[in-house]
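Peer 1: Residue numbers (UniProt numbering), protein chains in the order written: chain C, 1 to 390; chain S, 1 to 365.
(1) For the 8 Å Cβ check, are there 3 or more pairs between the stretch 139 to 150 of chain C and the stretch 180 to 195 of chain C?
(2) Please state if the CB of residue 275 (chain C) and the CB of residue 108 (chain C) are separated by a distance shorter than 8 Å.
(3) Give, in chain order, every residue of the stretch 354 to 375 of chain C whose Cβ lies closer than 7 Å to some Cβ of chain S.
(4) Give me the subset of the stretch 11 to 40 of chain S whose CB atoms are less than 7 Å from a CB atom of chain C, sorted by chain position.
(5) Going along the chain, which residues of the stretch 200 to 215 of chain C sit with their C-beta nearer than 8 Å to a C-beta in chain S?
(6) Output, in chain order, the set of chain C residues within a Cβ distance shorter than 7 Å of residue 216 (chain S).
(7) How is residue 170 (chain C) classed by DSSP in three states: helix, strand or coil?
(8) Are the stretch 254 to 274 of chain C and the stretch 314 to 330 of chain C touching, with three or more C-beta to C-beta distances below 8 Å?
(9) Per DSSP, what are the beta-bridge partners of residue 79 (chain S) in this structure?
(10) Tell whether a beta-carbon distance below 8 Å holds between residue 345 (chain S) and residue 300 (chain S).
(11) Listing by chain order, which chain S residues have their CB less than 9 Å from the CB of residue 335 (chain C)?
(12) Less than 8 Å between the C-beta atoms of residue 131 (chain S) and residue 142 (chain S), yes or no?
(13) Show which residues of chain S have a CB atom less than 9 Å away from the CB atom of residue 140 (chain C).
(14) Exposed or buried, residue 391 (chain C), counting other C-beta atoms within 10 Å across all chains shown (16 or more means buried)?
(15) For residue 257 (chain S), collect the residues of the same chain with a Cβ closer than 7 Å to its Cβ; drop the 5 residues on either side in sequence, then sort them by chain order.
(16) Might you give, ordered along the chain, the residues of its own chain that have their beta carbon closer than 6 Å to the beta carbon of residue 71 (chain C), omitting 5 neighbours on each side?
(17) Output the distance between the C-alpha atoms of residue 295 (chain S) and residue 137 (chain C), rounded to the nearest integer angstrom.
(18) From C:115, C:43 and C:239, pick the residue whose C-alpha is nearest to that of residue 225 (chain S); which is it?
(19) If you measure from the beta carbon of residue 26 (chain C) to each beta carbon in chain S, is any gap under 8 Å?
(20) Does the Cβ of residue 207 (chain C) have 16 or more other Cβ atoms within 10 Å, making it buried, or fewer, making it exposed?
(21) Rounding to the nearest angstrom, what Cα-Cα distance links residue 2 (chain C) and residue 248 (chain S) in this structure?
(22) Show which residues of chain S have a CB atom less than 7 Å away from the CB atom of residue 416 (chain C).
(23) Where residue 171 (chain C) and residue 194 (chain S) are concerned, what is the direct C-alpha to C-alpha distance, given to the nearest angstrom?
(24) Closest Cβ-Cβ distance between residue 386 (chain C) and chain S: below 8 Å?
(25) I'd like to check one pair, residue 242 (chain S) with residue 170 (chain S): are the Cβ atoms closer than 8 Å?
(26) Using a Cβ cut-off of 7 Å, pull out every chain S residue sitting near residue 114 (chain C), in sequence order please.
(27) Can you tell me whether residue 333 (chain S) is buried or exposed, with buried defined as 16 or more other CB within 10 angstroms of its CB?
(28) Helix, strand or coil: which one does DSSP assign to residue 291 (chain C)?
(29) Determine the burial state of residue 32 (chain C): buried for a count of at least 16 other Cβ atoms within 10 Å of its Cβ, exposed for fewer.
(30) In chain C, which residues lie less than 8 Å from residue 205 (chain S) when you measure between Cβ atoms?
(31) With the cut-off set at 8 Å, would you say residue 160 (chain S) and residue 231 (chain S) are in Cβ contact?
(32) Along chain C, in chain order, which residues have C-beta atoms closer than 7 Å to that of residue 190 (chain S)?
(33) Using DSSP's beta-bridge definition, name the partner residues of residue 248 (chain C).
(34) How would you list, in chain order, the residues of chain C whose beta-carbon sits under 9 Å from the beta-carbon of residue 350 (chain S)?
(35) For residue 248 (chain C), return the contacting residues in chain S, with the cut-off set at a CB-CB distance below 9 Å.
(36) Can you pull out the residues from the stretch 213 to 242 of chain S whose beta carbon lies closer than 8 Å to at least one beta carbon of chain C?
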């Protein structure tokens, strides 16, 4: 039962007898307000000697950035610097979303577990992280938790080529040789094969009722085929190890402490929220549904896939969409620990040339675009898993 | 004639020995299935390995009095005397010491208001008016004027500033959010699109950009000579931010109302403002009370972001206290203390929200 929007509309129309006059008045007020703001802003900008417009994006930035996914040097333009920030924001958000989802599902399922120890530990995790500001968690991880790591001179070296120290986590860098492209091609071919096989198997099941282990066979194909090509071609890849030279490491792939702290903080914080969504989703499925399926002797794995999940996900997915967009927005806290995300780089640019209006408009545009894309993807996912109600 | 036999039930038999007691509970709630057992055992192992160490650090080997030299003698234990030495700064920042009593008075008034609200001693209009007056009182008791010495806003800080920002932010944003939510249902396309545009824009961007906007961009919009203090600008930004989220919460409450309520009001000839004030809002707001408390928790957590735009709130004071050259190396204590304070406030609020949801028969579906 909902209020009809038209109902409220009608009453609004009733009170504003001369509604049109009122609306024109509001419109006039807005125009006058914006005009006044524009004038004072222009006056203020000239008084402070601040340029306006987006011309600055082409001029030399001169600001060093520690982490960049694309080629960058201080000689590049402000536009490139901002792009580096956007890519860093996207990169850290993307990885954090994946791991937060995995951890969140584990914690959420754990909280509904009949096992007392598991459910209490999950509840402790969720309540602690949800009730402490993310910024405090981030600063704690960055200054305290990472501070307990060994110094760069004496790194923790569990297996060859992996070094963990206060300078970050160094991993071997895989370097592709000739023929590695074929392995990649085999990987994509395997995905295509798995896709068509699944389609065919579904048709077979509808026609004959014979169910093949679709997921298992698809996974096998995707893993085995590229590996086979890899070994037939004689392992066309080598690893470049990081080396300690002087005070720091050279070579290899590095996860810097700022990035790791931000990633870890976002994962833990968002996982607590996703865990709550998973729990409320699972608890929203009436117990009778599971009991009925068990009474019909439906196998446990099928109960989970066909009875429990479709009903739980329609509660979980919309709430999780909100948490994903929050995660992207929360990645802006990078500025507090010095990871060069979009807000941190933009803030530096504002400090240099004072063009706050342009930078803030760019931030808003990028965040809103990312959020719209996430919402669209999640709505699509929701409509895919949605049970069709008859 | 013999008396008719009356049926006397036998006393219940006790549950079989295997189905009760600690061992039974252990079997069904800890060691149910090999996977759960293994997981539970490893979790227990982690707890047994870490918790005693944490207790050792936090209590047994901790230093409670003295200065940093005392703490250095017991490096395995926490240095709580550091917190004690910094306590005033953490609570009120660089607020003048002679005026510190005003922070305490403010806290007492807040405590009294909270207690009378929770125990239902304050009801109806008095309750609402008392809470609505709180921001005015807060700014007066901390800022001064009207008989009190004025204290510059740049010296407000610590937990006092966090609580003030959050309280004023949420209290002022609730009426604003209600207006925005009603505007979403408005028949006037201009009002409607303005409200939707505002709500969706604010909800689409991080709070930091709003804070940057209030701190860096707002001065550009204001006529020269018209200067608003940085703190007040940030407070304004937080109010607008919170209003957009409150509007979404209130919209949920409006949509949950049966349309018969509205129809009944209009068939009785009650006009729109009265319908809102007497019929729609009391019911809608009752529905949204628990999520509004959730907004209060977020608001309080969000105040920690103001350190990025140069205010020294509770977290800012924790950070700067941990960088004091006299007390170097006690960041852990500072952050743990901060986490405990934030956790206690937010967790009690969330328990109160859950209690409201459980105790209100209207909210039970």
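Where is the CB? At the ideal position from N, CA and C, for every residue including glycine. Predicted, not measured: the structure shown is a model, and the values here were computed from it.
Peer 2: Walking through what the data contain:
(1) no
(2) yes
(3) 356, 357, 360, 363, 364, 367, 368 and 371
(4) 29, 30, 32, 36, 39 and 40
(5) none
(6) 350 and 356
(7) strand
(8) yes
(9) S:63
(10) yes
(11) 208 and 308
(12) no
(13) 331, 332, 335, 336, 338 and 339
(14) Outside the modelled stretch of chain C, which goes from 1 to 390, sits residue 391 (chain C), for which no answer is possible.
(15) 280, 283 and 284
(16) none
(17) 20 Å
(18) C:43
(19) yes
(20) exposed
(21) Unreliable placement is indicated for residue 2 (chain C), whose pLDDT of 47 sits below 50; the coordinate value is still reported in the next sentence. Cα to Cα, the separation comes out at about 16 Å.
(22) Since the first residue of chain C shown is 1 and the last is 390, residue 416 (chain C) is not available in this structure.
(23) 51 Å
(24) no
(25) yes
(26) 29 and 32
(27) buried
(28) helix
(29) exposed
(30) 329, 363, 364, 367 and 368
(31) no
(32) 23, 26 and 27
(33) C:245
(34) 127, 130 and 131
(35) Within 9 Å Cβ-Cβ: nothing; residue 248 (chain C) doesn't reach chain S, min ~24 Å.
(36) 213, 216, 217, 219, 220, 221, 222, 223 and 224
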